[in-house]
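Residue numbers (the working numbering), protein chains in the order written: chain L, 1 to 445; chain P, 446 to 890; chain F, 891 to 1335; chain X, 1336 to 1780.
Glycine included, each C-beta is placed from N, C-alpha and C at the ideal position.
Report on the structure given below.
Number of protein chains: 4
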Amino acid sequence: MSESGTSGGINSEVYMQQDSEGIDCSTLLGAFDTVRSRSRWLTDVLEIEDYGLQPMPDASPAKWHLAHTTWFFETFLLKPFAPSWRPLNERYEYLFNSYYNAVGAQFPRTRRGDLSRPTVREVLAYRDAVDDAMRELLLRSGNSVDVAQRTVLGLNHEEQHQELILTDLKYAFGQNPLLPAYAHAHVGPRRAAQTLSWTEHPGDVFEIGASVHSIGSNPRCFVFDNETPRHRVLLEPFALADRCVTSGEWLAFMADGGYSSPELWLSDGWAWLQSPGALRAPLYWHRNDGGWFEYTLAGEREIDPDAPVTHISFYEADAYARWVGARLPTEAEWEVMAERHATPSPNYLDERCLHPRSSAGPGTGPRDLLGNQWEWTSSPYGAYPGFRPAAGALGEYNGKFMCNQLVLRGGSCATPQGHVRPSYRNFFYPPNQWQFTGVRLARDL
Amino acid sequence: MSESGTSGGINSEVYMQQDSEGIDCSTLLGAFDTVRSRSRWLTDVLEIEDYGLQPMPDASPAKWHLAHTTWFFETFLLKPFAPSWRPLNERYEYLFNSYYNAVGAQFPRTRRGDLSRPTVREVLAYRDAVDDAMRELLLRSGNSVDVAQRTVLGLNHEEQHQELILTDLKYAFGQNPLLPAYAHAHVGPRRAAQTLSWTEHPGDVFEIGASVHSIGSNPRCFVFDNETPRHRVLLEPFALADRCVTSGEWLAFMADGGYSSPELWLSDGWAWLQSPGALRAPLYWHRNDGGWFEYTLAGEREIDPDAPVTHISFYEADAYARWVGARLPTEAEWEVMAERHATPSPNYLDERCLHPRSSAGPGTGPRDLLGNQWEWTSSPYGAYPGFRPAAGALGEYNGKFMCNQLVLRGGSCATPQGHVRPSYRNFFYPPNQWQFTGVRLARDL
Amino acid sequence: MSESGTSGGINSEVYMQQDSEGIDCSTLLGAFDTVRSRSRWLTDVLEIEDYGLQPMPDASPAKWHLAHTTWFFETFLLKPFAPSWRPLNERYEYLFNSYYNAVGAQFPRTRRGDLSRPTVREVLAYRDAVDDAMRELLLRSGNSVDVAQRTVLGLNHEEQHQELILTDLKYAFGQNPLLPAYAHAHVGPRRAAQTLSWTEHPGDVFEIGASVHSIGSNPRCFVFDNETPRHRVLLEPFALADRCVTSGEWLAFMADGGYSSPELWLSDGWAWLQSPGALRAPLYWHRNDGGWFEYTLAGEREIDPDAPVTHISFYEADAYARWVGARLPTEAEWEVMAERHATPSPNYLDERCLHPRSSAGPGTGPRDLLGNQWEWTSSPYGAYPGFRPAAGALGEYNGKFMCNQLVLRGGSCATPQGHVRPSYRNFFYPPNQWQFTGVRLARDL
Amino acid sequence: MSESGTSGGINSEVYMQQDSEGIDCSTLLGAFDTVRSRSRWLTDVLEIEDYGLQPMPDASPAKWHLAHTTWFFETFLLKPFAPSWRPLNERYEYLFNSYYNAVGAQFPRTRRGDLSRPTVREVLAYRDAVDDAMRELLLRSGNSVDVAQRTVLGLNHEEQHQELILTDLKYAFGQNPLLPAYAHAHVGPRRAAQTLSWTEHPGDVFEIGASVHSIGSNPRCFVFDNETPRHRVLLEPFALADRCVTSGEWLAFMADGGYSSPELWLSDGWAWLQSPGALRAPLYWHRNDGGWFEYTLAGEREIDPDAPVTHISFYEADAYARWVGARLPTEAEWEVMAERHATPSPNYLDERCLHPRSSAGPGTGPRDLLGNQWEWTSSPYGAYPGFRPAAGALGEYNGKFMCNQLVLRGGSCATPQGHVRPSYRNFFYPPNQWQFTGVRLARDL
């Protein structure tokens, strides 16, 4: 769910459940400080030079993420609700608008890496100024439903960009022959993956999606509009794998000629494989004399055959499933399972591992449905029955990205804790690989 | 449902219902002659020069269609079942294979128009030789389930290419400043379109898709594998428009700035509109001093505001629906309606009108669901629950095209009569315009 | 010297020497019939399908060449000088204009192969109608200097297109896996190439280029404006090879890693070699199990090591010269030598060999400077000192192509006899290979 | 004369004249410190963020220039001549090699802007380490001909990159909507341009180019190999304009439809004008409500009609000359004039004006032939007669760029004083605009 016209977008309509006590300004203020300071923490170990990289159109500079998330609060909160607000620089509206046509024109997305000015220092000053004004606004008007709602949306928006800061940075670092490590990442211990087992489901009519009843003070009671409305779905009996496909299993797929067998691939996937520069291995994998290595945010390391394979495109995920005689789950199958099977100690950004870890441990049922890595489903991203687009700039594009993308579920090791839930829908184009994306198999019963 | 890796593919797994009497060779032979001679009839008014045109990668030369459909019978029937068959030219296997990797390598699809040899005369001789051998095979082995099944598949495959012969030719002629007419096309009389009315549906659980129980002698009891299995769907209450959007309504959309309002467009659709050479009107429309004209297979004519607008991309269809406050139907909604509402005197290829005509006449309910033009649905093309890919080259790619395309329903004025049915699923990429494709609206109740 | 904006152009300013007797209408009429009928003869062995091919933007369809050369006479002779002329089709002006902006807009050059209409029959009728009107005009006004001058230019223009008909056709046939032969081509006997010897030249100040004094009735007393004015050049002592590089020598270059040694290549040439689809052998060469073969207009044949290597780009020619420690000649060096050394029995189109033959035979000095194949020089194509562009559409672009191209000299086996002379300047872009182009070495003394 | 495979290259063979006293180490050391410290001075006013920009493939990051010029000394001096040298990082050889295939592989040129590491601080440390070792080497072995020769080459190489640092930076800043100024640039006073006058030349045989006799201690007695050998040229009588075309004259060209008149343009130039994003004004010009403005390194300012128009492509220069009925000079004409007419107080980098200023002042004859801006000639860049490529990596590509580029003469306001001379040959592709390039007219007499 990137910020852009070519790779998804934030789901900008906010839906919050209001509890009986109403909106609590101090809770909101606390959430604001927590989220905003996390963006600073994520980038405070970077060199100034690292802030400006855009090694491909989809991967925006960290500096841009810091400024754009700030622009969001300035544009949708301060300008309409804080009469005394004075913009630091009138051009920021143009420079840091991502794709909101109702707000105005945008600096070309593919050239964000060409801007050395404003500098990092200036962008941080921009953040500070907006933060000060926002705190003042929340103290004064935080119990306004509109202000609270937009603030919570802005915070969820920023959490999405926090994940992008990490994945975009990984892409930039991973292209540099020096393979620099990201200082906040640490390598977790290796552990054996569990044997592949399956959890069965009898099928029937179920409900999925999020209900929206009220708007409240708890920023965690938030869902994006694309998760709504809650609606019935019909499921046939199926089984879902208890863990994702591992790197060791992927090596077997490669050894069996998986990347050179057209019968395993979707037609568009095979064409993608023939395009110039296409890899025949997961993104960030490199073959050295000593075997296969992969770049992680903690630096290069030998492939761990027990860890889930990650940075897999939809085309690769689909081909693997065909090779093994299974299929990808639908998003409804995934969600029904996720509602039943909690993920114990999920691997989120807050763990600072910043790499998917092997699924293991006691107990039964699907592991790591939440956290660790996004899981491709076979479901094209589209509107739920009864979905209603919202009005205005914030809801301008509620359905704008509902074409040509596939739904992913579950969040990843780069997702802030609490940001995702079973009903959360992420979406990317089938060739995209730079997110933490993996494969969980399903099959008919 | 074109023949290619970039625009869909034939759905090559055959499912036929066998009646109690078994397979009747003479019926099969009659169907064979009917279909094969129609291809000849379609092209017999062409100049030799017309047979070789490939004005864009998706639009193959008529000569190639004539040869490829013949190659299908040679490859899947004669080579395995007719021991005495001797190929006319060993290179034809390479030249006329479309995308069957299990059969072997293929001449590059984008360069089919670069082949002056074999000549038309040689391709027709190829057809004659294969036809003779096929008739002999059918007389001898037509009651073999395998032979009958593959023959019926080959005939349905050829019917798909008959539609492509016409639409590809239209594209080629439509790019020529001389705007030549296609001699078999005749202009139908104009008639007023009916007022836009809606037919409501209460929703509930229904079955859609085709049942496959048996294989029989009736070539009309055929469905493609992608129509199966019959399965339950949940529908919410909805209404479907009784006719498609007209050219007059489209002119209003254009006059209201429809092509320059980003809020109406999917993000990918808006990007498509900004690409070099993008039109701001339906394909084949031209603005002269006297107003808007369109190229039809019968030649250029003034826009008929009562006729359905045609040659519309999915992006355009979707934008129009948003502009008017409605939406496109899902394929399940469409099919449930089509099972209830027969199209009286549908406009198929056999009518030789070769252009969608205005929907009118007595009676109520949706008109022209079958024939006239393909109707975009909002449903991404994918596998039905329980869909099973077949084995071997014929079934090599049962699911190969189930990504990035949208389902269209109903057949068109270029579809041979009897080729389509309510469960028939066509599919194209969202920007495709060169088929007879239009817009029927739906809305929630 | 192709007909187009991307690959050179006709040199449309006519310079003719007038002898004392003035203009002789019957000579002009005879030349007109000779040249015009040769175009028909060149194409009369083609299948109708062959006339329409445009396998790459530079290679126009034979039908287009037949029409464009006719358009030239219609536009520059009949329209201004034949008051009773009535165009057969007003759109032909648009369809068959190559690049004369002063005449009007042009149908896009890259899409000439997309036009099935007008048909071959219609184009031949167009030729007949223009020929009749031209003959009438020449009988009536052939002694008009203006008419005679434009007619002679039109005939030289058509001779250029006759060469292009053959080379464009060769490209089209050479891309077809069936490798059809061109019926007018015949294979000449093989003969051993002479040992490479050199002819020395002391250098000094010389004159090159064509003098223009008068305009006369002899169509052979014609030069293009880019050959003028005659002017002095300074030459340092040099030696010129007595024959072109042979295919056997080229095989040695390939065996020595010539195509994989960056130090041999110009920077732009090396980049060209790395581009997708770049060959590592001359155009039309194929490696089979039995060794190297090449497609000739007479069909595929084994490489003849004694024949000159042909279809070589400038980049390849330059790399070969560097590999062997020599260099390419300048156009001045070439012309000074060609003025001294006649080519006995040159291999022109009229020989119908249509492939360069090995240089051999008695006598000394450079062989085959004229005919056989065009020879790359190291001279960028530009204006001679004192060059004067002409006025009007015919001279609109006298200097238009004088950038980014290299001069070639001597004519080829596809050049009509009498069309070239020592001062004749052809020009192509450095990567072009589809003309009969080879390498003659030079070195400093 | 950029550093790259797509836009020229350093002319890496060094030719120095040795005076009788031999090589003087202290002079060499002084030159080394002067040049090396100028690179630091040029960049010391930049923000860290500014060092990494590569807004187009031709415009490398300042950080890369600082590192690559250092790599040159490390590779060609320290590695072969300083036994105790230990590289700071083995990957720098790969990262900072521009195009020397004999040295090894190179990091892709188009992705230099994607490298945040090494940081600016690390690159400056790299410079310091190499500088220390170089000073030690020069003290110890500076009287070695080989060391002196390579050092002088390295310094001239670095001076070329100093100009590129400024022009690449200007391109990056000029694309940023904030249009930041470069702190070292100052705006010079405006002054009226002199009336256009011409200096005539009778033509004859002359010598141009540089003589190379000896190698010495004076780093200023240096020429690049492409300036040699000195050789005779034939000139016809001609006249050269006393000043370059002004911005005011360019506005008249624009007002007269210069950019929309195909008859003024070379065929390739017209095609370039039709390409997406092509400007119809000089680079850096913007039309505001108040008229035309241009971005200069000192910031945006209103067009000065008296200043020379700059940032002009060859295609534009050639079209302008045709419009005005003149032509561009050949490089021989230019050089013969430049040897006769000294430029009083030329405008070099050391002036810190960093923009061409209007030519005026007392005296007669051509002004500002040296300094101010590069002047396009009509001469394709090629080898002088008798040019000899050198051996080894330093001379690997002596002729590598002698194709498809045009010669420019005279140096610019961004060229270090003393770097250029009348025989100096710069070269760029015809569409290139990002150097300080202008138009001086010539005409035949």
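Between the segment 1288–1306 of chain F and the segment 1252–1263 of chain F there are three or more inter-stretch CB-CB distances shorter than 8 Å, so the stretches are counted as touching.
With respect to chain X, the C-beta atom of Lys1290 (chain F) has a partner C-beta closer than 8 Å. Secondary structure in the segment 1579–1632 of chain X: the beta strand (DSSP E) runs of 3 residues or longer, each lying completely within the stretch, are 1620–1623, 1626–1631 in chain order. In this structure, the alpha-carbon of Thr1362 (chain X) lies about 36 Å from that of Ser1157 (chain F).
In this structure the segment 1386–1402 of chain X lies against the segment 1501–1521 of chain X, because at least three pairs of beta carbons, one per stretch, are closer than 8 Å. In the structure shown, Asp649 (chain P) falls within a strand segment according to DSSP collapsed to helix, strand and coil. Under the Cβ criterion of 8 Å, Ser1372 (chain X) is not counted among the residues facing chain L. In the same chain as Leu1028 (chain F), and ignoring 5 residues on each side of it, the C-beta atoms closer than 8 Å to its own belong to Cys915, Leu918, Leu919, Phe922, Val1037, Thr1041, in chain order. Distance from the CA of Ser1476 (chain X) to the CA of Tyr1650 (chain X), rounded to the nearest whole angstrom, comes to 48 Å. For chain F, the residues of the segment 562–573 of chain P that bring a beta carbon within less than 8 Å of one of its beta carbons are Arg562, Pro563, Thr564, Val565, in chain order. In this structure, the beta-carbon distance from Gly1276 (chain F) to Asp1467 (chain X) does not fall below 8 Å. As far as DSSP is concerned, Trp768 (chain P) takes part in no beta bridge. By the CB criterion at 8 Å, Phe1442 (chain X) and Trp1406 (chain X) fall outside the cutoff. Within the same chain, Cβ atoms closer than 6 Å to the Cβ of Trp64 (chain L) are found at Arg112, the five residues on either side in sequence being excluded. Residues are counted here when their Cβ sits less than 9 Å from a Cβ of chain L; for the segment 667–680 of chain P these are His676, Arg677, Val678, Leu679, Leu680, given in chain order. Against Gln551 (chain P), chain F offers no close residue; the least beta-carbon distance is about 11 Å (beta-carbon pairs closer than 8 Å).
Assignment of Leu853 (chain P) by DSSP, reduced to helix, strand and coil, places it in the strand class. Within chain P, the residues placing a beta-carbon under 9 Å from that of Gly386 (chain L) are Glu681, Asp889, ordered along the chain. Ala992 (chain F) reaches chain X at Glu1598, counting residues in chain order whose Cβ is nearer than 8 Å. Tyr1619 (chain X) is outside the set of residues whose beta carbon lies under 8 Å from a beta carbon in chain L.
Using a Cβ-Cβ cut-off of 8 Å, Cys403 (chain L) counts as an interface residue toward chain P, since at least one Cβ of chain P sits closer than that to its own. Looking only at F:His1201, F:Trp1213, F:Ala1015, F:His1074, the smallest Cα-Cα distance to Leu978 (chain F) is reached by F:Ala1015. For Leu1056 (chain F), there are no neighbours in chain X by C-beta distance under 9 Å, as the nearest C-beta there is about 24 Å away. In summary, Ala342 (chain L) is exposed, with fewer than 16 beta-carbon neighbours lying within 10 Å of its beta-carbon over all protein chains present. Taking a beta-carbon distance threshold of 8 Å, Glu90 (chain L) does not count as an interface residue toward chain X. Cβ-Cβ distances below 6 Å link Gly188 (chain L) to Cys353, Arg357 in the same chain, with the five nearest sequence neighbours on each side left out; the list follows chain order. For the pair Arg1007 (chain F) and Gly599 (chain P), the Cα-to-Cα distance works out to about 32 Å. Shown here, Gly1276 (chain F) sits in coil according to DSSP, grouped into three states, outside any helix or strand. Boundaries of the alpha helix (DSSP H) around His1047 (chain F): 1035–1065. Non-local beta-carbon contacts of Tyr537 (chain P) in its own chain, meaning distances under 8 Å to residues more than five positions away in sequence, involve Ala512, Trp516, Glu519, Pro563, Tyr571 in chain order. Of the other Cβ atoms in all chains shown, fewer than 16 fall within 10 Å of the Cβ of Gln1609 (chain X); this residue is therefore exposed. In the DSSP annotation of this structure, the continuous segment of the alpha helix (DSSP H) that includes Phe96 (chain L) starts and ends at 92–96. Here Asp168 (chain L) is near Ala59 (chain L), since their CB atoms are less than 8 Å apart. In the pairwise beta carbon analysis, the segment 1117–1124 of chain F is classified as touching the segment 1080–1100 of chain F: at least three pairs are separated by under 8 Å.
Scanning X:Trp1658, X:Pro1515, X:Pro1751, X:Arg1723 for the CA closest to the CA of Pro1681 (chain X) turns up X:Pro1751. The segment 1183–1196 of chain F makes no contact with the segment 1307–1315 of chain F: fewer than 3 CB pairs, one atom from each, lie closer than 8 Å.
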